[in-house]
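First the structure, in the form of structure tokens, and then the observations on it.
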Amino acid sequence: MQFSALGLNQDDDQNQEELRAELAKLRRQVSRLKSLKTAHPPTKEQWERSLLDIQNQVLELIATAAPLPQILSLLAQEVEELSDLGLCSILLLAPDGQILFLGAAPSFPEHYQQVLRNGIPVGEGEGSCGSAVFRRQSVITLDVQTDAAWNQYRELALQYGYRSYWSNPIFSSHGDVLGSLGIACAKTCRPTSQDLRLIQLSTHLAGIAIERQQSDRALKASEEKLRLLNADLENQVRQRTAALERSLIHEALLKRITDRVRDSLDENHILQSAVLELGTVLATLACEAGIYSPDQASRTVCYEYSILPSRLGRVEEVLAFPEGSVCMVERTPSGGAVFACPIRDQQDVLGDLWLFKPVSSGFDELEIRLIQQVASQCAIALRQARLYQAIQAQVATLAELNYLKDDFLNTVSHELRTPISNMKMAIHLLKVAPTPARQQQYLEILQNECEREANLINDLLDLQRLDATTDNLPLDDEVDLIAWLSVITEAFEGRIQSRQQCFSLYLPESLPTLRTHQNSLERILTELLNNACKYTPAFGQIELYVFPLIEHPARIGITIRNQASIPTDDLSRIFEKFYRIPQSDHWKQGGTGLGLSLVQKLVYRLRGSIQVSSDQGWTEFQIQLTFGTNLES
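Mapping of the sequence shown onto numbering that gives the first Met the number 0: residues 0 to 632, in sequence order.
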């Protein structure tokens, strides 16, 4: 495994490094010749000047942003030339802090450099450099042959004649270890104070160079990140601007359709304009509106915008929208996109919108929302038009009823007045009757007309009583509840399964025969189960319990409970005529608001009682009925 000096490829510079190594050897030889010639070492002033020269050269390279390998190679060569004791190597610490790899070792043999390129682990016994970085302090090896720090690399060092090795960790300005600087000597020796000062200065200069290179890399990374961030921000601004422009176009289209719905009751004009504008704005191949038959079994394409062959007037089978609330997006075999959206109000699915796009096109969130909003406006237009038609029909019906009422009143008044007129005439004739036989005849006429008047009035009262009777129902039917309830609940299995609800029927092993009015009891249970299905969400529970009342042996309890909550304010009004709980119909099934009022009246007429409660996410209807036996006692 080879490492590159902070991302720089040293293999590319291998030839240059070899040339520098040869140059360093030549310079040392020249230095030795000079020493032999002068026959005495440099003075202190000369040595200090040499240190300053090294520092200036390295700092100049750092200031001019020279490559790090070049700086470190120069520094190593200058150290070697000034110390004249051995070879200098500079190792760099990998980002994980576990491996040291070659930074510069211009005078070391190629094989030794290759070992350094492959990486030296950080730790005790991993040579002077690995130990120095691990300890975070200088390591002076006086004799490689005996020092434990060289257990792993002793043979390698001795192979090249390195007996002493001095290593110093390189620190950043923040105290982090960046690498190590080492000097290998061919003889066993201890560094002098000048050597230690040279190592200290060189280590400091290497730290500056490495940290500067890391800072430059971090700066470039930050600049690149900022560039990418700015590019992403500009892209987001462009996308947002385009989305806003599309939103404005969509809002303008929706406003035009809304204005038409508000100002007109002509559904043909409104829906044709809607599909035309929707298809144009969304660049579709076709946009059509289908109207459902009353039984919702078929649809007829009544309005279209299309650059494809016309489908106007085509009658097709209705696709099953789950409860009329789900839009569908599909791909055609050719790769185009198809979007279907129901046109529905709170009660029924009235029709649907179908849009077709070309190959490699699709419908995004903005377009889907626009189509749904247009479908809602189309539903309003259809409902308004149908309501207007219904109102017109109702006006005609009311006019007919008014005519019938007037005719009825005229007939009733005539029927009521006729006996009275006859009675008046009989009374008048009775007063002037010349004979007893005539008087008897007129008395009989008077009596007959009185009975006729009374019978007519009783008939009218009986008609009113049939509409508002509160008499108890006759308990003439014998019902085996266990068998009968199984039949009743079977009618709800299909609806419960389609809505993914769970139904449980709890029956005792045996029950006495129930004497009741079977049709009324069936109406009660059917209405309550229907409400439970209507107000229970998907995966909700519906439960029906039948049990004898221990405290009232002559009565039976029936409880229907489901997972739905009724607010306390609504609970007290639940049996009122025409009252419905707002926003609780999960399945948009609708209703008249008379069901529970009818249930309550029927329970009372069966000589029973009914109560409702709602707590902890459950609503429970509790009914008590008499078995219908021994009532006289």
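Backbone N, C-alpha and C define an ideal beta-carbon position, used for all residues, glycine too. Here the structure is a predicted model, which means the values were calculated and not measured.
Should residue i go down as buried or exposed, given a rule of 16 or more other Cβ atoms within 10 Å for buried?
i	result
ILE426	exposed
GLU266	buried
TYR639	As shown, the chain starts at 0 and ends at 632. That puts residue 639 outside it, with no answer to give.
ASN530	buried
LEU311	exposed
THR63	exposed
TYR642	With the chain represented from 0 up to 632, any question about residue 642 goes unanswered, as that position is not in the structure.
TYR387	exposed
ASP458	Only weak support is given to the placement of ASP458: the predicted model assigns it a pLDDT of 43, under 50, and the value that follows is read from those uncertain coordinates. Exposed: under 16 other Cβ atoms inside 10 Å.
ILE549	exposed
LEU354	buried
LEU362	According to the sequence displayed, residue 362 carries Phe and not Leu. Per the 10 Å Cβ criterion, buried.
ASP470	exposed
PHE637	The requested residue 637 does not occur in the structure, where the chain is confined to residues 0 to 632.
PRO190	buried
When the Cα atoms are used, what is the spatial distance from residue i to residue j?
i	j	result
LEU397	ARG382	21 Å
ALA432	CYS449	20 Å
ARG522	ASP262	44 Å
GLN144	GLU222	50 Å
HIS551	ILE622	13 Å
LEU252	LEU281	11 Å
SER34	GLN45	Below a pLDDT of 50, predicted positions are generally treated as unreliable, and SER34, at 48, falls in that range; no measurement from the model is reported.
ARG385	ARG554	50 Å
HIS203	ALA241	56 Å
ILE70	VAL57	6 Å
GLN391	GLN346	21 Å
PRO120	PRO68	21 Å
GLN151	GLY118	13 Å
GLY102	ASP142	25 Å
LEU601	ILE609	10 Å
GLY627	SER571	30 Å
LEU527	TRP617	14 Å
ALA563	GLN615	9 Å
GLY590	ASP344	Reliability of the predicted coordinates at GLY590 is poor, the pLDDT of 46 falling under 50, and the value obtained from them is presented with this limitation in mind. Approximately 14 Å between the Cα atoms of the pair.
ASP258	ASN518	51 Å
SER360	GLU542	49 Å
LEU349	GLY278	20 Å
GLY493	GLN500	10 Å
LYS219	ARG162	43 Å
VAL317	ASP351	9 Å
GLY174	SER214	15 Å
ARG313	ALA339	16 Å
ASN229	LEU243	21 Å
Starting from the C-beta of residue i, find all residues in its chain whose C-beta is less than 7 Å away, skip the five residues before and the five after it, and write them out in chain order.
i	result
LEU480	LEU510, LEU513 and VAL545
SER201	LEU74, VAL78 and LEU180
SER82	ILE182, ASP194 and LEU197
ALA131	SER137, VAL138, SER166, ASN167, PRO168 and SER179
ASP146	THR140
GLN372	LEU253
Just to confirm, are residue i and residue j a CB contact at a threshold of 8 Å?
i	j	result
PHE284	LEU270	It should be noted that the sequence gives Leu, not Phe, for residue 284. Result no, Cβ atoms of LEU284 and LEU270 do not sit closer than 8 Å.
VAL260	GLN376	yes
ILE573	LEU595	yes
GLU287	GLU303	yes
LEU647	HIS516	The chain is shown from 0 up to 632; residue 647 falls before or after that span and cannot be answered.
LEU84	ILE209	no
LEU633	PHE107	The displayed coordinates of the chain run from 0 to 632. Any statement about residue 633 would go beyond what the structure contains.
ALA205	ILE98	no
ILE419	GLU443	no
ARG704	THR625	Residue 704 falls outside the range modelled here, since the chain spans only 0 to 632, and no answer is possible.
Ordered along the chain, which non-local residues of its own chain (more than five positions away) have a Cβ less than 8 Å from that of residue i?
i	result
GLU619	THR558, ILE559, ARG560, VAL611, SER612 and SER613
SER246	LEU365
THR525	ILE487 and ALA490
GLY335	LEU284, PHE355, LYS356, PRO357, VAL358 and SER360
GLN463	Because the pLDDT at GLN463 is just 45, under 50, the model does not fix this residue reliably, and the value given afterwards should be weighed accordingly. Nothing meets the Cβ criterion.
LYS186	ARG162 and SER163
LEU60	GLN69, ILE70, LEU73 and ALA208
Indicate, with yes or no, if the ligand MG has a heavy atom lying under 7 Å from the CB of residue i.
i	result
ALA241	Annotation note on the ligand MG: not contained in the displayed structure, which lists no ligands.
*Only counting runs of 4 or more residues, tell me where the alpha helix (DSSP H) segments fall wholly within the segment 223–293, in order along the chain.*
266–280
*With a floor of 4 residues, list each alpha helix (DSSP H) that falls wholly inside the segment 117–161, ordered by position along the chain.*
126–134 and 153–158
*Every unbroken beta strand (DSSP E) within the segment 472–535, with a cutoff of 3 residues, ordered by chain*: 476–478, 501–505 and 513–515
*alpha helix (DSSP H) runs contained entirely in the segment 157–192, provided each spans 4 or more residues*: none
*Along the chain, which unbroken stretches of the beta strand (DSSP E) at least 3 residues long are found entirely within the segment 329–371?*
336–343 and 348–356
*Where in the segment 40–66 do unbroken runs of the alpha helix (DSSP H), each at least 4 residues long, occur, reported from the N-terminal end onward?*
43–62
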